[in-house]
Every structure is written in C-alpha cells, then in structure tokens.
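Step one of this worksheet: look at the structure below.
Number of protein chains: 2
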Amino acid sequence: MHNRQEILDAAAQVFAQHGFRGSTTRRIADAAGVNEITIFRQFGSKEALLREAMKHMTQSVGLALLPDVPSDPERELTLWSESFIQHLRLRSSIIRKTMSEMEERPELSECASYVPRQASADLCHYLTALKRQGRAAEKFEPKTAAAMLMGAIFADAMGREMMPDVYPQPQEKAAQMYTRLLLRALGVEIVSRRTTSKQTKRTKQLSA
Amino acid sequence: MHNRQEILDAAAQVFAQHGFRGSTTRRIADAAGVNEITIFRQFGSKEALLREAMKHMTQSVGLALLPDVPSDPERELTLWSESFIQHLRLRSSIIRKTMSEMEERPELSECASYVPRQASADLCHYLTALKRQGRAAEKFEPKTAAAMLMGAIFADAMGREMMPDVYPQPQEKAAQMYTRLLLRALGVEIVSRRTTSKQTKRTKQLSA
DNA sequence: TGTGTAAGTAAGTGACTACTTGCATTCCTG
DNA sequence: CAGGAATGCAAGTAGTCACTTACTTACACA
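Residue numbers (the numbering used here), protein chains in the order written: chain A, 74 to 281; chain B, 74 to 281.
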C-alpha cells in the first residue's frame, strides 16, 4: 500500500522520459524499486496505471493567484507569469509527451488541458478587470491578449532548451519581459518602482 | 527506385501519427504500398529511413519573406504571421511528435530546429530595421518581441485543436490579431487601410 | 536470348512486451 | 500464535518488433 504513491511517481517520471510506448512496465517497476507484478496487482494494467498517474499529477498543481482587483498590474502580472513559466519549465518533458500522445490516446491525457484552461481563465478575468478600471489606453480583447502572453511563455518553456539563442536572455527575466511587452500593447501605464527579480520572487502572491 | 519517394512520404506520415516507436516498419510499408523488405533494402534500418524522411521534410519548406526595408509594417508582418501559422498548423502533428522525441533521439530531430531558427532570424532582422527607421515609439529588444509573436503563433497552432475556446476567434484572424498587439507594444503606428483577410492572402509576399 | 537489377514471397530469429499462474516470504493484527 | 493481506520470485504465454536468409518474379537493356 505504501508503494502505491512511489509507483505513481515513477510512472509519471518514466512517461516523461519515454512516452507511453516507451514506458514499459519493466522500466516503471525498476524506477519504483518494485516488482513488476506489484504493478499489475495494484493497477490492473499499464494503461490504468498511467491514467491514474496522469490524473494524480494534475491535481497537485497550484497556480499563482491574480487579485480580483488589479492594483499594480506590472508586479502582479509579472509574478503570475514567473510562476507560470516556472511551472511549465519544471514539467516541460511530460508536457511534450502528453501533447504528442494526445491524438493517439486522448482518454489518457484529457486532464492535461485543465491547467492551461484554468490559467487562461484567470488571466482573462484579470485583464478584463484591468480594462473595466479604465487603465488600458488601448482597446483590446482580453482573450487575445491572454493567448499572446501565455503563448509566449509556453513557447519559451518548451523551446528554450532546444534553441536557447532564439529566446531573450537571461532566462530568469524572460517572463518579466513578455509581461512588460504585453502591458505596453494594452497601453497600461507602469507605475511600480523598480524591483529586482529576487525581491519579486520573495514577495509571494496575494490571493483574492 | 521510383518507390523511394513514396516510402519517405509514407514514413513521415506514419511518424506524424504514431511517433518513432509506433512507426513500425510494417505500418510504413503498408502505407507506402510496398513490401516491408524493400524498406530494409533501400534504407538499411528503420532509424535510417526515419532520419532521411525527417531531413527530406524540412528541405521542402518555403517560408514567407519579409522585406529588408519595412514599408507597411502591419501588412508585411501580418502576411508573414499568417504564412507562419499556416505552416505550423499543417505540420502540427509531426511537430508535436518531433518535440516529444527530441530528448530521446536528438540525432533524428536535429534538422527540426532549422525552420524556427530561420523564422526567428528573419523576424528579428525585420524588427531591427523597423527600430532603426525610428518608427517604433517604444524601446524594445527585437529578440524578445520576435519570441513573443512567434510564441503566440506557435502556441496557437499547437494548442487550438485541443482547446479551441482558449484562443481568439475566428481562427483565420488570429495571426493578424497577434501581430497588431505586438505592433502596439512596439509603438509602431498602423498606417495601412483596412484589408480583408482574403485580400491579404491573395496579395502574396514581396521579397527583398 | 542472356544478364543484372529492383521488387516480391515465405519463413524464421532473437529480443522484448503486457500480462498470468503458482508458490514462498514478510509483516501486521487479533 | 494464527490468519490474512501485501509483496516477491520463477516461470511461462502469446503476441509484436526489427531484421535476416533463401528463393522467385518482372522488367530493362544489350
């Protein structure tokens, strides 16, 4: 029973490295330090195991929160972007695998869309509030703006390892740079005093 | 001999559907309408075949060109973005598979980075020229701006099928919307008269 | 007509895969 | 100490995989 969690973690890790077809029950058992038979007794089949592992993964995700009422947009959005890009970077392997398996095995990766959907909804909500406050000089569709920022962050997290010279340097400032670019596109005035990356990271986010 | 091309095409198609491990020589042979043995006689091994198929794919790609001297930034960039997003959408399956296999089989997917690298360089070059012309009211790093636009386009092309409600509607206008947002972030004045999507598509791009 | 080349057929090899069965071991609990 | 549940070990099953060998067929060309 106490092995169950270790098996799930091992399955997720092996899947992130090798994908579904490459995640042999042998490899997962070895990674979990468990006999291969135990897997079948606990989960019934390889597919059931991986389905549960995927579901379990997405449940433990905590996204940074954006305030319902924007006050310092640059700071709030930068913090959110940094936490989002960090989340994606830590899971870039498993995200790539999941996106690849999506077409062939949708039932396995359904839950994968939960996090980006939630993030998009949160961001849209925030941008809409910003617009209602009248702090955006330009007209814009929140959904388009949100897709733009999230897209830039997503592509950075997925592609930087493969092509580091294509993305802005240093890596740690990338989220901030994308965020600033977006705010300028929306015509939002930047009011916050200069804060270093370390300061912003330490001053964690404020909930609604 | 005349089968060689058909085998390469079939291999690429099967790979796009099933990835490396799922691309059995049997499946590829069936898809090509050829005996499995022919594959081994022509290419030696499954890996060699897929390597050649991938290399062959990337060679036939023609990216839209951006002028060396920007004249109508909104129109020129929109055309480029539309051609780029169309390119990615047509190949979204194979791109997902390639990104997924990258870590496990880098020698197979090396060539995959050629197109985005080229696109990034072209776009950076154009944005730098725009900046030099003094047509951007805001200061910006071309590389960051390029990564932002390309990232938004990339994420749209990869993710819209899976989560259509997250991305701006209609699909056909998405590239244009991202482009406009970017130009506003750069403080580039939009001068072009309103053109419909159909017109812009027909008036293909102008080279340097 | 003879020869070389590309293609097909048939059969098989050894390795790996998901999954099963039977039995022994450990350990917790009553 | 007895009984049951979780786990491990050894062996095996049926299927698939990449790849090979040996032989045949079809066609081009001289």
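We put the beta carbon where it would ideally sit given N, CA and C, even for glycine. Keep in mind the model is a prediction, meaning the values are calculated, not measured.
- For residue 130/B, the nearest beta carbon of chain A is not closer than 7 Å to its own beta carbon.
- Not one beta carbon of chain B lies nearer than 7 Å to the beta carbon of residue 96/A.
- Here the region 87–100 of chain A makes contact with the region 119–129 of chain A; the two share three or more CB pairs at distances below 8 Å.
- Close to chain A, meaning a Cβ-Cβ distance shorter than 7 Å, are the following residues of the region 168–181 of chain B: 169, 170, 172, 173, 175, 176 and 177.
- Here the alpha carbons of residue 223/B and residue 205/B stand approximately 21 Å from one another.
- In the three-state scheme derived from DSSP, where H, G and I count as helix and E and B as strand, residue 209/A is classed as strand.
- Residue contact check for residue 157/A against chain B: no CB pair falls below 7 Å.
- Secondary structure at residue 239/A: helix, using DSSP grouped into helix, strand and coil.
- By the Cβ criterion, the region 133–152 of chain A is not in contact with the region 223–238 of chain A, since fewer than three pairs of Cβ atoms, one from each stretch, lie closer than 8 Å.
- Residues of the same chain with a CB within less than 6 Å of the CB of residue 263/B, apart from the 5 flanking positions on each side, are 147 in chain order.
- Only buried fits residue 249/A, as 16 or more other CB atoms lie within 10 angstroms of its CB.
- The Cβ atoms of residue 247/B and residue 166/B do not sit closer than 7 Å to each other.
- Taking C-alpha positions only, residue 132/B is separated from residue 184/B by approximately 9 Å.
- The C-beta of residue 217/B comes closer than 7 Å to at least one C-beta of chain A.
- Apart from the 5 residues on each side of it in sequence, residue 109/B sits with its Cβ closer than 7 Å to the Cβ of 98, 99 and 102 in its chain, given in chain order.
- Under the three-state reduction of DSSP, residue 188/B is assigned to helix.
- Close partners of residue 187/A in chain B (Cβ separation under 8 Å) are lacking, with about 10 Å as the shortest Cβ gap.
- Here the alpha carbons of residue 76/B and residue 219/A stand approximately 48 Å from one another.
- Put simply, of 207/B, 130/B, 196/B and 244/B the residue whose alpha carbon is nearest the alpha carbon of residue 217/B is 196/B.
- Taking the CA atoms as reference points, residue 253/A sits about 22 Å from residue 239/B.
- Chain-ordered listing is empty here: chain A has no CB closer than 8 Å to the CB of residue 207/B, the nearest sitting near 17 Å.
- If you check the CB distance, residue 173/A and residue 173/B come in under 7 Å.
- Counting only Cβ-Cβ distances below 9 Å, residue 190/A has contacts in chain B at 236, 238 and 239, in chain order.
- A straight-line Cα-Cα distance of about 7 Å links residue 251/B and residue 225/B.
- Runs of the alpha helix (DSSP H) spanning 4 or more residues and lying entirely within the region 104–159 of chain A occur at 109–116 and 119–132, in chain order.
- Near chain B, meaning a CB-to-CB distance below 7 Å, no residue of the region 106–126 of chain A qualifies.
- At a C-beta separation below 8 Å, residue 229/A has these neighbours in chain B: 220 and 224.
- No Cβ-Cβ contact shorter than 7 Å links residue 227/B with residue 259/B.
- Taking 9 Å as the Cβ-Cβ cut-off, the region 251–264 of chain B approaches chain A at 251, 253, 254, 255, 256, 257, 258, 259 and 260, given in chain order.
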